[in-house]
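Data block below; observations after.
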Amino acid sequence: MAVGNRDLRGVALRQLPVERWPTREEAAASRWFSPVKIGGLNLSERTWVPAMVPWRATEDGFVTPEVLAWYERFAIGQPGGLVLEATGIRDVPSGPLLRIGHDRYVEGLAKLVETVRRASNGRTKVFIQIIDFLNVRRRPAKDKFFARHLVVDDTLRAELAAALGDSRWSMAPEGDVRDALGGADEALIERVLAPRALEAYRFGYRERVTDTHLPHVAQLPLQLPGLFAAAAERAKTAGFDGVELHFAHAYTMASFLSATNTRTDGYGTTREGRARLPLEVIAEVRGRVGKDYALGCRFLGDEVIDGGSHVEDAAWFGARFAEAGLDFLSVSKGGKFDDAKQPKVGEAVYPYTGPSGHECMPTIHVDDALPESERRGPFGRNVQLSAEIRRAVRAAGFETPVIAAGGICSFWQAEEVLAKGEADLVASARQALADPDWFKKSRLGFGHEIRRCLFTNYCEALDQRHKQVTCQLWDRELTSDGNPSGLLAKDGKRRLVAPDWEPPPG
Ligand SMILES: Cc1cc2nc3c(=O)[nH]c(=O)nc-3n(C[C@H](O)[C@H](O)[C@H](O)COP(=O)(O)O)c2cc1C
Ligand code: SF4
0 MAVGNRDLRG
10 VALRQLPVER
20 WPTREEAAAS
30 RWFSPVKIGG
40 LNLSERTWVP
50 AMVPWRATED
60 GFVTPEVLAW
70 YERFAIGQPG
80 GLVLEATGIR
90 DVPSGPLLRI
100 GHDRYVEGLA
110 KLVETVRRAS
120 NGRTKVFIQI
130 IDFLNVRRRP
140 AKDKFFARHL
150 VVDDTLRAEL
160 AAALGDSRWS
170 MAPEGDVRDA
180 LGGADEALIE
190 RVLAPRALEA
200 YRFGYRERVT
210 DTHLPHVAQL
220 PLQLPGLFAA
230 AAERAKTAGF
240 DGVELHFAHA
250 YTMASFLSAT
260 NTRTDGYGTT
270 REGRARLPLE
280 VIAEVRGRVG
290 KDYALGCRFL
300 GDEVIDGGSH
310 VEDAAWFGAR
320 FAEAGLDFLS
330 VSKGGKFDDA
340 KQPKVGEAVY
350 PYTGPSGHEC
360 MPTIHVDDAL
370 PESERRGPFG
380 RNVQLSAEIR
390 RAVRAAGFET
400 PVIAAGGICS
410 FWQAEEVLAK
420 GEADLVASAR
430 QALADPDWFK
440 KSRLGFGHEI
450 RRCLFTNYCE
460 ALDQRHKQVT
470 CQLWDRELTS
480 DGNPSGLLAK
490 DGKRRLVAPD
500 WEPPPG
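With numbering that gives the first Met the number 0, the residue at position 227 of the sequence shown is 226, and numbering never jumps.
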């Protein structure tokens, strides 16, 4: 499925060329629109919308009318599976992200489940992605960092003394060290600060799972299985058809799985050690929700960072997760903090800004640096990862469905992935955001009416700034349907849900 992202004249193509869309009959006979079982659940088709954070919850993590409208709109398009955004399992403030860390969240989430069922006429199964993340602080202003945040100790004093060639600094009062560094140039700061302090200054302080000197980090293996299990139980009570454990991208569980996890307490270093906590989480959750409840995870086929895990690790993890009884495996790629760009002062580091992030949500420019003949654009770039994981799962004797995502935006592309046995379900995030009806349009023979994603990541840029996520293409149709939902973004300029669509009469 190698597809260049330029046409024959070398003009950049923003869209995967599609010669024709399927007829209704072709769609009816297709693999993508055929049913599939996930554990005990019957999905009407193999289409899937993976988790996407829309920044619409209240500041304290509750479902809002805007959250309901967002998911209702996806449900109208009737995908086989729809996964609710990453939802926090702890009862701690985390901005306008959904939370499920307390029973008080169940009522709103139950309403959301009902909304999806009603809007999809019961055709869409609804899952919730549950997540844990560690502390990440915003990048501090220089004066504040040196006045308040920097830890001044004897090692730092000794470094300063050596750098300035003046031994008196090794005994200097704390305030003098702070003042000296607060007024220092970047070269001196870089020479004197320890790597983690330099990172905290330049990127904002960020905890790691390897910070076992911090008691709450050391105790993650004791806490997380119970927190995930309680959250999953609430999801079941709220009526979700299943739960997706978030083991991907930059967050706690992915960091345990990472080849960069050097914990020496039995929860790191070797593949077995790195998989231990995820497997303990799976066991605890399974024990709480019962064997018939659909439970899966999202994890990385490749971390795309120096020293990170690659597909061989992922294939091994996939087989272990299947063996542990997960009902589906959703594969993603990259999205790490390790190679993220430096944020502006006052902003938090965003894990989708470096090379690993570009692989997670690839744009049309993702491989512009490659020779023309090797470019394939964002289209289906992760499929070889799901294929390899699926092979390993099958070789281990399990039929666990594997879900591929990444630049899927045409019916034939999805069909080819399934025909080749590279995945069992094919997901699309941004194409579904651009046009939530694209599954239905493909299925009913109206593919030519699909609003096609441009893969330029206007939506992802909004996510980065923690602004309500919308698609640049919706506003172009602001007046065509009069925006019957009437929902506009806080800036009053963008519509919050995609325009309506009805199949033409007859
Ligand atoms: C705005 C936005 C928010 C996202 N939020 C999540 C998330 O909460 N959890 C997750 O696993 N992936 C998240 N993703 C990644 C998508 O699920 C998907 O893996 C990625 O966009 C690549 O698929 P696509 O090419 O079909 O868009 C997000 C993507 C976008 C564009
Ligand atoms: S803003 Fe819309 S068109 Fe652009 S990448 Fe996101 S979904 Fe696609």
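Built from N, CA and C at the ideal position, the CB exists for glycine as well. These numbers were taken from a predicted model, which means no experiment stands behind them.
- Between Val-176 and Leu-159 a beta carbon distance of about 6 Å is seen, short of the 8 Å cut, so the two are scored as contacting.
- The way I'd put it, the region 26-42 does touch the region 285-298; three or more beta-carbon pairs between them come closer than 8 Å.
- In this structure, the CA atom of Glu-387 is about 14 Å from the CA atom of Ser-308.
- In the three-state reduction of the DSSP assignment, Ala-199 falls in the helix class, which pools H, G and I.
- With a threshold of 6 Å, the Cβ atom of Pro-49 counts as near ligand 1, since some heavy atom of the ligand is closer than that.
- Taking the Cα of Arg-319 as reference, the smallest distance to any Cα among Leu-276, Gly-334 and Thr-352 is reached at Leu-276.
- Pro-78 and Ile-188 have their C-alpha atoms roughly 53 Å apart.
- The beta carbon of Ala-433 sits closer than 6 Å to at least one heavy atom of ligand 2.
- Counted as a single uninterrupted DSSP element, the stretch harbouring Arg-297 is not any alpha helix (DSSP H) but the beta strand (DSSP E) occupying residues 293-299.
- With a contact defined as Cβ atoms closer than 8 Å, Gly-444 and Arg-19 miss out at about 11 Å.
- Runs of the alpha helix (DSSP H) lying entirely within the region 447-473 and spanning at least 4 residues, in chain order: 457-463.
- Looking at the DSSP output, Trp-47 sits in a beta bridge with Gly-80 and Ala-426.
- Judged by DSSP secondary structure, Glu-24 falls within the alpha helix (DSSP H) whose first and last residues are 23-27.
- The C-beta distance from Cys-458 to Val-468 rounds to 5 Å, short enough to meet the 8 Å contact threshold.
- For the region 119-143, the full-length beta strand (DSSP E) segments reaching 3 residues or more read 124-130 along the chain.
- In this structure, Glu-421 has its beta carbon at no less than 6 Å from each heavy atom of ligand 1.
- In summary, Arg-195 is exposed, with fewer than 16 beta-carbon neighbours lying within 10 Å of its beta-carbon over all protein chains present.
- Annotated three-state conformation of Gly-87 is strand, per DSSP.
- Put simply, the backbone Cα of Arg-270 is about 11 Å away from that of Thr-261.
- Arg-207 carries a coil assignment under DSSP once its states are collapsed to helix, strand and coil.
- Taking 8 Å as the upper bound for CB-CB distance, Glu-243 and Gln-128 are in contact here, some 4 Å apart.
- In this structure, the C-beta of Gln-341 stays at least 6 Å away from each heavy atom of ligand 2.
- Taking every protein chain shown into account, the CB of Val-416 has 16 or more other CB atoms within 10 angstroms, so this residue is buried.
- When secondary structure is reduced to three states using DSSP, Ile-402 falls in the strand class.
- Taking 8 Å as the upper bound for CB-CB distance, Ala-422 and Arg-389 are in contact here, some 6 Å apart.
- Annotated as distal: Glu-71 and Ala-109, with beta-carbon spacing of 7 Å or more.
- About 12 Å separates the beta carbon of Gly-334 from that of Gly-300, a gap too long to meet the 8 Å contact definition.
- Annotation for Glu-459 indicates a beta carbon within 6 Å of some heavy atom of ligand 1.
- Proximity of the region 95-112 to the region 47-62 meets the contact definition, three or more beta-carbon pairs being nearer than 8 Å.
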